[in-house]
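The numbering of the sequence shown is full-length UniProt numbering, which starts it at 1 and goes up by one. One structure below.
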Amino acid sequence: MQRETEASTGRPGAEMSSHHDLGGGVSPQEQWLRSLLPPSVAVVETTTDRDLPLARAEREAVARAVERRRAEFTTVRWCAAQALGELGHERPVQVPGPHGEPVWPAGVVGSMTHCQGYRAAAVARRADMDSIGIDAEPNDGLPPGLLDEVASQGECRACADLAARCPGVAFDRLLFSIKECVFKAWFPREGGWLDFSDAEVAISADGRFSALVSRRGTSRRLLGGRWLAKDGLLVAALTVPAGGWDRS
Numbered sequence: 001m002q003r004e005t006e007a008s009t010g011r012p013g014a015e016m017s018s019h020h021d022l023g024g025g026v027s028p029q030e031q032w033l034r035s036l037l038p039p040s041v042a043v044v045e046t047t048t049d050r051d052l053p054l055a056r057a058e059r060e061a062v063a064r065a066v067e068r069r070r071a072e073f074t075t076v077r078w079c080a081a082q083a084l085g086e087l088g089h090e091r092p093v094q095v096p097g098p099h100g101e102p103v104w105p106a107g108v109v110g111s112m113t114h115c116q117g118y119r120a121a122a123v124a125r126r127a128d129m130d131s132i133g134i135d136a137e138p139n140d141g142l143p144p145g146l147l148d149e150v151a152s153q154g155e156c157r158a159c160a161d162l163a164a165r166c167p168g169v170a171f172d173r174l175l176f177s178i179k180e181c182v183f184k185a186w187f188p189r190e191g192g193w194l195d196f197s198d199a200e201v202a203i204s205a206d207g208r209f210s211a212l213v214s215r216r217g218t219s220r221r222l223l224g225g226r227w228l229a230k231d232g233l234l235v236a237a238l239t240v241p242a243g244g245w246d247r248s
């Protein structure tokens with residue numbers, strides 16, 4: 001599964017130096033993830049690229065990236081800074097780890113996501129949450145052949161059934177997004193890779209999902225979350241309350 005993905009390479013350059021409109025900022029009526037997460041989670045989401053002074057190590061991490069990648073890298077960290085500020089924390093230097101994972105202050109759990117036209121971060125105190133996973137994707141079908149790589153036969157059949165009943169939602173892409181969401185919640189707790197086949201996802205048309213994670217060497221875990229399709233975006237989110245990870 002993917003993480004907070006690293007750059008495609010291109011010409012070198014500094015971090016973004018001006019706002020770039022992705023379709024307007026996020027008004028209270030245009031919130032996606034905020035509507036899916038509990039009040040104890042601080043969420044900042046935007047459809048407008050933002051300026052943020054980056055640390056030298058962060059600038060170096062995207063120095064060879066294309067402009068689009070530098071913009072999303074910077075803006076999602078702006079979201080993280082705003083969300084951490086709501087908890088009374090400053091944003092640390094957030095150079096992606098070996099698996100693309102972000103860094104958070106001690107005592108904080110969090111997750112970040114970005115896709116075309118949207119960036120977001122969600123954080124919570126570890127006293128409130130064991131783990132958070134968020135992901136956003138465009139509400140468009142996956143490229144031909146990709147669903148077979150990320151889904152079991154049962155998941156493929158379920159996506160086809162859901163698509164027949166709710167034709168306005170790209171359930172194949174939503175399945176992919178949910179599995180990304182599951183990885184983001186899993187990795188900080190377990191510190192290991194997940195293959196797409198390690199998580200069997202069941203999506204409900206009412207905006208909920210469950211994921212049964214079975215990975216060799218670990219206990220089976222049942223995780224649950226919520227999803228939303230709105231204004232051309234698919235978003236998925238899951239949280240595990242404090243003390244709940246070992247009971248999931």
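Where is the CB? At the ideal position from N, CA and C, for every residue including glycine.
- With respect to Ala170, Leu234 sits close: the two C-beta atoms are nearer than 8 Å.
- Taking the Cα positions, Ala106 is about 12 Å away from Leu87.
- Out of Thr218, Asp231, Met129, Thr48, the CA that lies nearest to the CA of Gly243 is found in Met129.
- One alpha carbon belongs to Ala121, the other to Gly154, and they sit about 32 Å apart.
- In the structure shown, the three-state DSSP call for Thr48 is strand.
- For Ser177, the enclosing alpha helix (DSSP H) stretches over residues 171–190.
- In the three-state DSSP reduction, Ser214 falls in the coil class, being neither helix nor strand.
- Per the C-alpha coordinates, the member of Val182, Asp231, Ala237, Pro96 positioned closest to Ala211 is Val182.
- Selection Glu101, Ser111, Gly100, Glu149 evaluated against Leu33 yields Ser111 as nearest (Cα-Cα).
- Annotation for Thr113: Ala120, Ile134, Asp135, Ala136 place their beta carbon closer than 6 Å to its own, counting only its chain and skipping 5 residues before and after.
- DSSP, reduced to helix, strand and coil, places Arg220 outside both helices and strands of the structure shown, so it counts as coil.
- DSSP places Asp148 inside the alpha helix (DSSP H), whose first and last residues are 146–150.
- A distance of 8 Å or more separates the beta carbons of Thr47 and Gly141.
- Between Leu194 and Arg215, the gap from beta carbon to beta carbon is short of 8 Å.
- In the DSSP assignment, the residues bridged to Gly133 are Leu238.
- Residue pairing of Glu200 in beta bridges, as defined by DSSP: Leu212.
- Just so you know, the alpha carbons of Lys230 and Cys115 end up roughly 14 Å apart.
- The distance from the Cβ of Pro138 to that of Gly232 is about 6 Å, consistent with a contact at the 8 Å cut-off.
- A straight line joining the alpha-carbon of Phe73 with that of Gln94 spans about 10 Å.
- In terms of Cβ geometry, Ser197 and Ser152 form a close pair [threshold 8 Å].
- If only uninterrupted beta strand (DSSP E) runs of at least 3 residues are considered, none is enclosed by the segment 46–101.
- Per DSSP, the continuous alpha helix (DSSP H) segment holding Cys156 begins and ends at 153–165.
- Boundaries of the beta strand (DSSP E) around Ser111: 108–115.
- In the three-state reduction of the DSSP assignment, Trp193 falls in the coil class.
- Residue burial annotation: Gly97 is exposed, with fewer than 16 other C-beta atoms found within 10 angstroms of its C-beta.
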